[in-house]
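Report on the following structure.
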DNA sequence: CTGTTAGCGCTTTCAT
DNA sequence: ATGAAAGCGCTAACAG
């Protein structure tokens with residue numbers, strides 16, 4: 004047993020086990036094609052030497068890296084952190100490694116990320132892009148034949164895993180309206196920067212129209228402070244309910260109301276969108292449209308690994324729609340006519 | 004220009020540019036050692052063919068992958084998500100990719116992660132382990148000569164980047180005591196499961212002793228519901244201040260108080276530890292000991308990449324202590340004698 | 001300044 | 001069932 008080598012190779016194991024390198028390789032890749040006896044010797048030798056197949060060599064030879072490239076906006080938003088957690092877990096279970104790259108919602112970084120990942124020979128990719136319709140990165144992937152799936156995005160031309168957020172917000176507005184809310188506003192991040200925000204807004208408008216109510220939208224920068232929202236609601240005919248296009252904005256909205264001297268949910272109701280886990284631990288619990296974030300990650304991994312196994316490319320037909328749900332917390336008052344029994348906390 | 008090849012190689016570029024493969028390689032690795040003319044031709048050819056150096060081949064040849072392995076408990080806790088964000092950003096800036104693996108606070112997964120990463124030939128590693136003193140994974144790394152640094156952990160025998168949380172909590176207790184709080188309790192996750200929790204507890208005990216107060220500890224499972232805490236504080240001589248060993252526990256504590264009919268901070272003060280960004284957006288703002296989480300990630304990357312560049316191994320002497328600070332939010336009332344001017348919100 | 005060439009560690013025909 | 005040998009794409013001597 005020699006320990007001075009940095010990392011044992013097939014050669015070392017072969018020598019130690021008195022077999023050829025081919026046999027060592029077979030033990031690790033097709034154990035059934037090796038005689039009991041030889042296999043045992045190889046396994047012992049490998050353990051003794053602390054041998055692990057070198058991933059780069061294997062990748063170079065097989066042209067498959069068992070690496071999934073992940074492109075997402077930021078880990079600072081728990082939605083994406085939760086999704087990545089789901090991806091990480093199921094990738095590991097499926098024998099894949101992941102290489103995540105963040106884009107900070109920046110198009111140039113999005114493209115750079117895809118380039119890096121292609122050079123790093125990721126077998127497949129999972130990405131959250133700002134605009135599927137115009138992404139040149141996706142075109143590159145298509146051209147290269149690399150399987151990929153979009154998460155949270157929604158577009159006819161690409162495989163996507165997401166929830167029907169249009170329907171979710173439409174239904175949410177309906178509930179709010181039926182329970183007596185008439186002035187229901189939406190607070191959203193920049194619509195131009197994200198197709199998710201656009202979908203949610205579309206659902207909002209549809210719901211308001213169906214209820215015969217007048218939509219009103221406040222569009223704020225991603226990093227807008229609470230003061231921005233506070234100024235907007237500081238008026239006599241302020242909304243009685245605020246639908247926020249994501250949970251982070253909902254937190255700021257609650258803060259804005261509080262500073263304005265408004266009690267949540269007595270004076271004003273706040274609803275978020277995303278269903279971040281943390282929302283459950285807030286006081287009051289954040290009422291929100293729950294997306295199964297970890298599940299979305301898991302499904303994305305399933306889709307691309309299945310494509311890899313089958314050697315297929317992916318198309319929009321492979322898209323998956325996951326179920327959303329409402330979390331009925333204490334941040335929203337169902338004025339007259341609560342839909343569910345009672346709110347948490 | 005041919006586009007039917009999946010991925011162009013040095014050979015293709017060499018042919019197109021009428022030079023040898025060595026020259027192509029040089030253009031990408033030592034541009035200054037190539038004549039203007041040849042370089043231009045290679046660059047053009049590369050762009051035309053959409054050539055990117057194959058990472059696996061390069062890794063195999065140079066024995067350096069420019070990959071950083073990251074091992075952390077979970078992305079569901081924003082502390083680690085924020086840290087990973089810092090790691091991702093600075094790794095990208097330094098030309099490194101990252102491969103994160105989560106352990107779910109499980110020792111077996113911790114070891115498996117290190118094995119996977121070593122086989123995947125990570126050049127260096129950044130990890131958050133449960134117990135540096137007894138980690139066999141770290142021994143393997145030492146034996147292999149792979150540079151690594153621990154984040155959040157603190158141990159004499161390893162290079163660490165962290166904050167002095169013992170001092171932080173000690174000082175926090177002092178402030179609380181001086182401002183009039185006498186019944187100051189700590190709510191912590193399982194001490195045995197994390198050296199971070201142990202440090203914070205040690206700081207708490209030291210602070211209480213210095214103030215001549217009686218420590219009282221509630222130790223709860225990681226996923227304990229708010230009811231657990233609620234039951235504990237449901238008594239006449241309940242604490243007037245709760246120091247929670249992390250921000251997630253602080254959120255649950257606030258919920259517990261609320262359910263118990265206690266107003267925060269009027270009836271009871273809550274302080275967290277970690278400084279997750281989200282805490283700023285809560286109502287009331289979460290009072291907490293702020294760790295510079297992204298900065299910790301950034302520093303960890305700096306340390307390992309410096310070691311890689313210098314070809315050195317890392318030791319405890321390379322450890323870095325970053326500054327912590329207090330975030331003075333509205334979840335804590337400084338009874339008589341507030342330390343800072345006024346609380347936020 | 002440039003080209004030739006030998007491997008990095010592995011998997012996989014193709015023989016035996 | 002096993003071994004010999006070729007070669008994945010790249011970089012770094014070494015020669016010129």
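Chains as they are written, first to last, in the numbering used here: chain A, 4 to 348; chain B, 4 to 348.
Positions of the beta carbon are idealized from the N, C-alpha and C atoms, including for glycine.
Bear in mind the structure is a predicted one, so any value in this text is a computation, not a measurement.
Counting every other CB atom within 10 Å of its CB across the protein chains shown gives residue 94 of chain A a total of 16 or more, marking it as buried. In the displayed model, residue 301 of chain B falls within a helix according to three-state DSSP. Contact with chain A is found for residue 77 of chain B, since one of that chain's Cβ atoms lies less than 8 Å from the residue's Cβ. Looking from the CA of residue 104 of chain A, the closest CA among A:98, A:76, A:111, A:80 belongs to A:76. With a contact defined as Cβ atoms closer than 8 Å, residue 120 of chain A and residue 72 of chain A qualify at about 3 Å. For the segment 172 to 198 of chain B, the set of residues with a beta-carbon nearer than 7 Å to any beta-carbon of chain A is empty. A contact is defined here as three or more CB-CB pairs under 8 Å, and the segment 173 to 183 of chain B fails this definition with respect to the segment 108 to 122 of chain B. Against residue 88 of chain A, the close residues of chain B are 77, 78, 79, 105, in the order they occur along the chain (beta-carbon pairs closer than 8 Å). Against chain A, the CB of residue 123 of chain B has a partner CB under 8 Å away; the residue lies at that interface. Of all residues in the segment 252 to 286 of chain A, only 254, 255, 257, 258, 261, 262, 280, 281, 284, 285, 286 place a beta-carbon less than 7 Å from a beta-carbon of chain B.
Taking the C-beta atoms as reference points, residue 122 of chain B is found nearer than 8 Å to residue 55 of chain A. Boundaries of the beta strand (DSSP E) harbouring residue 324 of chain A: 323 to 325, taken from the DSSP string.
The contact set of residue 55 of chain B on chain A, defined by CB atoms closer than 8 Å, consists of 118, 121, 122 in chain order. Below the 8 Å Cβ cutoff, chain B contributes 78, 79 as neighbours of residue 85 of chain A, in chain order. Within chain A, the residues whose beta carbon sits less than 8 Å from that of residue 92 of chain B are 105, listed in sequence order. At least one CB of chain A lies nearer than 8 Å to the CB of residue 63 of chain B. Sequence-distant partners of residue 69 of chain A (beyond 5 residues in either direction) whose C-beta falls short of 7 Å from its own C-beta, in its chain, are 98, 99, 100, 126. Rounded to the nearest angstrom, the Cβ distance from residue 63 of chain A to residue 60 of chain B is 5 Å, consistent with a contact under 8 Å. Taking C-beta separations shorter than 7 Å and ignoring five residues to either side along the sequence, the partners of residue 34 of chain A in its chain run 42, following chain order.
For residue 60 of chain B, the nearest CB of chain A lies under 8 Å from its own CB, placing it at the interface with that chain. One Cα belongs to residue 307 of chain B, the other to residue 314 of chain B, and the distance between them is close to 10 Å.
Where residue 335 of chain B is concerned, there is no enclosing beta strand (DSSP E), because DSSP gives it neither an H nor an E. With the rule of 3 Cβ pairs closer than 8 Å, the segment 149 to 169 of chain A counts as touching the segment 195 to 204 of chain A. Cβ contact annotation for residue 233 of chain B (same chain, cutoff 6 Å, sequence separation greater than five): 259, 262, 263, in chain order. Interface residue (Cβ-Cβ distance to chain B less than 8 Å): residue 236 of chain A is not classified as such.
For the pair residue 91 of chain B and residue 78 of chain A, the CB atoms are nearer than the 8 Å cut-off. Residue 243 of chain A has a beta carbon lying at 8 Å or more from every beta carbon in chain B. In the DSSP assignment, residue 219 of chain B falls within the beta strand (DSSP E) that extends over 219 to 223. Taking 8 Å as the upper bound for CB-CB distance, residue 13 of chain A and residue 20 of chain A are not in contact here, some 10 Å apart. Within the same chain, Cβ atoms closer than 6 Å to the Cβ of residue 220 of chain B are found at 189, the five residues on either side in sequence being excluded.
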